[in-house]
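>
Protein chains: 2
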Amino acid sequence: MKPITLKQIAEQLNISVTTVSKALKDYPDVSKKTKAMVKELAKTLNYRPNTFAVNLRTKESKTIGLIIPVIVHHFFANVIKGIVAQAEKKGYLVIILQSNESYELEKKQIDLLMSQRVDGILISLANGSARFDHLNEVINQGKPLVMFDKIAKIVNCSKVIIDDRKAAYTATQYLIDIGCKRIAHFRGPLLPQNSIDRFLGYKKALTDNGLPYDPSLVYICECGDMSFEEGKMNAKKLLEDHDDVDGIFINTDLVAIGALNEFNNQGIKIPEDISIVGFSNWFMSSVISPTLTTIDQPGYLMGKTAFKQLFKEIKAHKKNKSIIPKIITLETVLVKRESTKKSTNTILEI
Amino acid sequence: MKPITLKQIAEQLNISVTTVSKALKDYPDVSKKTKAMVKELAKTLNYRPNTFAVNLRTKESKTIGLIIPVIVHHFFANVIKGIVAQAEKKGYLVIILQSNESYELEKKQIDLLMSQRVDGILISLANGSARFDHLNEVINQGKPLVMFDKIAKIVNCSKVIIDDRKAAYTATQYLIDIGCKRIAHFRGPLLPQNSIDRFLGYKKALTDNGLPYDPSLVYICECGDMSFEEGKMNAKKLLEDHDDVDGIFINTDLVAIGALNEFNNQGIKIPEDISIVGFSNWFMSSVISPTLTTIDQPGYLMGKTAFKQLFKEIKAHKKNKSIIPKIITLETVLVKRESTKKSTNTILEI
DNA sequence: GATTTTAACGAAAACGTTTTCGATTTGTGA
DNA sequence: TCACAAATCGAAAACGTTTTCGTTAAAATC
Chain L
1 MKPITLKQIA
11 EQLNISVTTV
21 SKALKDYPDV
31 SKKTKAMVKE
41 LAKTLNYRPN
51 TFAVNLRTKE
61 SKTIGLIIPV
71 IVHHFFANVI
81 KGIVAQAEKK
91 GYLVIILQSN
101 ESYELEKKQI
111 DLLMSQRVDG
121 ILISLANGSA
131 RFDHLNEVIN
141 QGKPLVMFDK
151 IAKIVNCSKV
161 IIDDRKAAYT
171 ATQYLIDIGC
181 KRIAHFRGPL
191 LPQNSIDRFL
201 GYKKALTDNG
211 LPYDPSLVYI
221 CECGDMSFEE
231 GKMNAKKLLE
241 DHDDVDGIFI
251 NTDLVAIGAL
261 NEFNNQGIKI
271 PEDISIVGFS
281 NWFMSSVISP
291 TLTTIDQPGY
301 LMGKTAFKQL
311 FKEIKAHKKN
321 KSIIPKIITL
331 ETVLVKREST
341 KKSTNTILEI
Chain P
1001 MKPITLKQIA
1011 EQLNISVTTV
1021 SKALKDYPDV
1031 SKKTKAMVKE
1041 LAKTLNYRPN
1051 TFAVNLRTKE
1061 SKTIGLIIPV
1071 IVHHFFANVI
1081 KGIVAQAEKK
1091 GYLVIILQSN
1101 ESYELEKKQI
1111 DLLMSQRVDG
1121 ILISLANGSA
1131 RFDHLNEVIN
1141 QGKPLVMFDK
1151 IAKIVNCSKV
1161 IIDDRKAAYT
1171 ATQYLIDIGC
1181 KRIAHFRGPL
1191 LPQNSIDRFL
1201 GYKKALTDNG
1211 LPYDPSLVYI
1221 CECGDMSFEE
1231 GKMNAKKLLE
1241 DHDDVDGIFI
1251 NTDLVAIGAL
1261 NEFNNQGIKI
1271 PEDISIVGFS
1281 NWFMSSVISP
1291 TLTTIDQPGY
1301 LMGKTAFKQL
1311 FKEIKAHKKN
1321 KSIIPKIITL
1331 ETVLVKREST
1341 KKSTNTILEI
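Line by line, the protein sequences give chains L and P.
Each step along the first sequence adds one to the number in the working numbering, with nothing skipped, and position 11 is 11.
The working numbering runs 1000 ahead of the 1-based position in the second sequence.
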């Protein structure tokens, strides 16, 4: 019933614990014979090293912590999948925690992970996080930390992101290229950097193309559980406020799909009357009608990349090498589908 | 830089490590003065007990393992959320692994978790799992194990499930009650118990109501990444094969939404021509048009309940009490929406 | 004042592993 | 034969806690 220990193996074979340990780890100063002996007995007894003891000795747990604002979200679920898969490859386990977009919780969870002495931490910030002492604390303790997606520029650690501003610019530029003159934007909440950057990308594309920026064309939504409904509501409001809008760039697909639904119901033709571009390439976007043009946000790859970077830093940390924070920007692509009309401007289609 | 230890505190205060340890844990044989002294210094030094050492001493890690077939799935994501939230409340951390519906991976992961010496394991089976030695091994080692949702009846451990058969029966019975005479079923894959049970519930409702069971009305789909497409395809086939079907019970919402989409495109009126009931109550079901009648499958509650049961068993195991496996069946409810027509049979509506 | 009780503390073992360093044995070359 | 190197092993310390049990001093009891 009790787990097998090195001591038990040693006693059975009449050798020392030391030799057993070395044999199992293929130390050069153990003869082939004893190695074989030890390994065989270990196998038949189904010996498993006591991780607790190993951790204590080696001062590492082969475990990392992951704090994520929401789990039930296709993008983050994909990130989790990417992290877990990559971690497993490298022999690391992942402890997962959900901050629920709350700074207080996030802080507590950082504390939990530090107490647990994980080898490193991956985090995507809660919307509520405007202070970062808890993260600086992690860094000061010399614990590897990598942020992804929802980051704080001010925190001095590695980050894996997409260029939200550029992607939004691309999306808006595409709307302009296909002939849209009056382009609205459904933006995300005011706080997280992502929705700010997407908004800025939208704005810059307008001005770069000589189009006026009109604040009344920008609608805000929380992008929480009610995203779909928010999309519908904003679409409704937009139709009431303006009759000349011919394109919308929307912060996230679910909102876009809500808007699309409202337009469909009201008989507004997409893309003939209004062209729509979403963000994130949720699988439903390729499936609804009309299919949604959107920016592909590589969740799985982001998770994978974030872990890879963290892994490097963990290794460096073990060797007492200092780590130079690195910012990795993943490519996004515009996925053109039915919700945007074809360009009428042939010159642009050379 | 190096973490503070009990020893350091002891030396600073000129007392023994023992007393420091006891003071921090409020042992009665330490004076109030020393307790205050110790606690204060511990706080200012930001002392955190070394989990590795604590684990080694106490033989528990306050950590559980979770193996799940897919993370990127609204139901499972909800389950994860429920588990993580409840675990955190009780001071437990969750290590998450994804089996990818593969028996081989699942086996390896069980092994990993056993090596890690987690205090207990939560698992939802991979579709590919038809052998259960790896799970029996866990049980034999006396490690608490709770299965949820995708379970194996044959394994002697606690389980948290819904009554798939009953829920399917309810769904089908509802279709019958509102007047459907020719009811089709889009079922899931042949293996997992869930889709078998849902199929059986469908069948039993038919025969209990004197309706013939017609195998040609049963369509199979894998319910994987292509669910939506499968729904469309099956809908198409159904329209080709039969012109008299007036109701469909569908294994899962995403497939149902695919079917709905196809029917919409082909001008088939839902619910006038065909009534549809889905399964799981995905949030999109309340949002598409027409909204989908479905069985609500309580993912968050399932996660929460599964952890609670595991927690009980972990506590029992610590006290060397034997654990009697318990099967907890969560209630499901039929959520009536637009995709099913109102009953014309007033007698049934008393 | 002698004895017992209580309060407060500490020594030491234990958890199971890893690793350093020294000891022993065997083999090698002169 | 001697010196030295190589091969093989083990003793012991260390990781940082927890907990048992004993010790001491002070307080209480008679």
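The beta-carbon is built from N, C-alpha and C at its ideal position, and this holds for glycine as well.
The model shown is predicted, which means the values in this text are computed figures rather than measured ones.
For residue 1092 of chain P, does the count of other Cβ atoms within 10 angstroms reach 16, so buried, or fall short, so exposed?
Looking at its Cβ environment, which holds 16 or more other Cβ atoms inside 10 Å, residue 1092 of chain P is buried.
> Can you name, in chain order, every residue of its own chain whose Cβ lies under 6 angstroms from the Cβ of residue 313 of chain L, other than the five neighbours on each side?
For residue 313 of chain L, where only same-chain residues beyond five positions count, the Cβ hits under 6 angstroms are 144, 323.
> Going along the chain, which residues of the segment 1115 to 1136 of chain P sit with their C-beta nearer than 8 angstroms to a C-beta in chain L?
Within the segment 1115 to 1136 of chain P, the qualifying residues are 1115, 1116, 1117.
> Could you tell me which chain P residues have their CB closer than 7 angstroms to the CB of residue 56 of chain L, listed as they occur along the chain?
The answer, in chain order, is 1052, 1053, 1056.
> Do residue 366 of chain L and residue 23 of chain L have their CB atoms nearer than 8 angstroms?
Chain L is shown only over 1 to 350; residue 366 of chain L falls outside these bounds and no answer can be derived.
> Can you give me the Cβ contacts of residue 1075 of chain P inside the same chain, cut-off strictly under 7 angstroms, excluding the 5 residues immediately before and after it?
So the list reads 1280, 1297, 1299, once near-sequence residues are dropped.
> So for residue 147 of chain L, helix, strand or coil by DSSP?
Looking at residue 147 of chain L - three-state DSSP - the assignment turns out to be strand.
> Which chain P residues are close to residue 81 of chain L, counting only those with a beta carbon under 7 angstroms from its beta carbon?
Under the 7 angstroms cutoff, chain P gives 1071, 1072, 1098.
> Looking at chain L, is there any beta carbon in it that lies within less than 8 angstroms of the beta carbon of residue 1261 of chain P?
Yes, its Cβ sits closer than 8 angstroms to a Cβ of chain L.
> For residue 384 of chain L, which residues does DSSP report across the bridge?
Any answer about residue 384 of chain L is impossible in this case: the structure gives chain L only from 1 up to 350.
> Starting from residue 1187 of chain P, follow its DSSP beta bridges and name the residues at the other end.
In the DSSP output, where bridge partners are listed per residue, residue 1187 of chain P has P:1220.
> Pick helix, strand or coil for residue 330 of chain L, following the three-state DSSP scheme.
Strand.
> When you compare the segment 1116 to 1133 of chain P with the segment 1053 to 1069 of chain P, are there three or more beta-carbon pairs, one atom per stretch, that lie closer than 8 angstroms?
Yes, the segment 1116 to 1133 of chain P touches the segment 1053 to 1069 of chain P.
> Looking at C-alpha atoms only, which residue of P:1070, P:1017, P:1256, P:1179 is the closest neighbour of residue 1209 of chain P?
Nearest of P:1070, P:1017, P:1256, P:1179 to residue 1209 of chain P, Cα basis: P:1179.
> Determine the burial state of residue 194 of chain L: buried for a count of at least 16 other Cβ atoms within 10 Å of its Cβ, exposed for fewer.
Counting Cβ neighbours within 10 Å, residue 194 of chain L comes out buried, since at least 16 surround it.
> I'd like the span of the beta strand (DSSP E) that includes residue 296 of chain L, first residue to last.
Its beta strand (DSSP E) spans residues 294 to 296.
> For residue 78 of chain L, go through chain P and note every residue whose CB falls closer than 9 angstroms to its CB, in chain order.
Simply 1071, 1072.
> Take residue 1159 of chain P and list the residues in its own chain whose beta-carbon comes closer than 6 angstroms to its own, dropping the five residues that flank it on each side.
So the list reads 1147, 1151, 1327, once near-sequence residues are dropped.
> Taking residue 142 of chain L as the query, report the chain P residues whose CB atoms sit under 8 angstroms from its CB, ordered along the chain.
Correct list: 1001.
> Where does residue 1299 of chain P fall in DSSP's three states?
Residue state, collapsed to three classes: helix.
> Report the CB separation of residue 305 of chain L from residue 330 of chain L in whole angstroms; it is logged as a contact under 8 angstroms.
Going by Cβ atoms, the distance from residue 305 of chain L to residue 330 of chain L rounds to 7 angstroms, so yes, they are a contact pair.
> Starting from residue 63 of chain L, follow its DSSP beta bridges and name the residues at the other end.
DSSP, once it has assigned bridges, lists L:93 as partnering residue 63 of chain L.
> Answer yes or no: do residue 1186 of chain P and residue 1155 of chain P have a C-beta to C-beta separation smaller than 8 angstroms?
For residue 1186 of chain P and residue 1155 of chain P, no; Cβs fall outside 8 angstroms.
> Taking one C-beta from the segment 1167 to 1183 of chain P and one from the segment 1265 to 1279 of chain P each time, how about it: are there three or more such pairs within less than 8 angstroms?
Segments in contact, yes.
> Check this for me: beta carbons of residue 258 of chain L and residue 228 of chain L, under 8 angstroms apart or not?
Taking 8 angstroms as the Cβ cut-off, residue 258 of chain L and residue 228 of chain L qualify as a contacting pair.
> On the criterion of 16 or more Cβ atoms from any shown chain inside 10 Å, does residue 57 of chain L qualify as buried, or is it exposed?
Exposed, because fewer than 16 other Cβ atoms sit within 10 Å of the Cβ of residue 57 of chain L.
> Rounded to whole angstroms, what is the Cα-Cα separation between residue 1223 of chain P and residue 243 of chain L?
Rounded to whole angstroms, residue 1223 of chain P to residue 243 of chain L spans 42 angstroms at the Cα level.
> Nearest by alpha-carbon distance to residue 1031 of chain P: which of P:1046, P:1077, P:1272, P:1015 is it?
For the residues P:1046, P:1077, P:1272, P:1015, the minimum Cα distance to residue 1031 of chain P belongs to P:1015.
> Thinking residue 1197 of chain P and residue 1168 of chain P are a contact (beta carbons under 8 angstroms), I'd like their distance in whole angstroms, please.
With 8 angstroms as the limit, residue 1197 of chain P and residue 1168 of chain P qualify as a contact, their Cβ atoms being about 7 angstroms apart.
> Any idea if residue 1105 of chain P is buried or exposed, counting beta-carbon neighbours within 10 angstroms, 16 or more meaning buried?
The residue in question, residue 1105 of chain P, is buried, as its Cβ has 16 or more Cβ neighbours within 10 Å.
> Going along the segment 233 to 262 of chain L in order, which residues come within less than 7 angstroms of chain P, judged by CB to CB distance?
Here the close residues are 261.
> Under 7 angstroms Cβ to Cβ from residue 1301 of chain P, same chain only, skipping five residues before and after it: list those, please.
Here the set comprises 1082, 1330.
> So the candidates are L:171, L:239, L:190, L:225; which of them puts its Cα closest to the Cα of residue 206 of chain L?
Per the Cα distances, L:171.
> Is residue 95 of chain L close to chain P? Criterion is C-beta to C-beta, closer than 8 angstroms.
Taking Cβ atoms only, chain P reaches closer than 8 angstroms to residue 95 of chain L, which makes this a yes.
> Can you tell which of P:1219, P:1325, P:1055 has its C-alpha closest to the C-alpha of residue 1139 of chain P?
Checked all of P:1219, P:1325, P:1055; the closest Cα to residue 1139 of chain P is P:1325.
> Can you tell me which of P:1256, P:1342, P:1124, P:1307 puts its alpha carbon nearest to the alpha carbon of residue 1272 of chain P?
Checking every option, the nearest Cα to that of residue 1272 of chain P belongs to P:1342.
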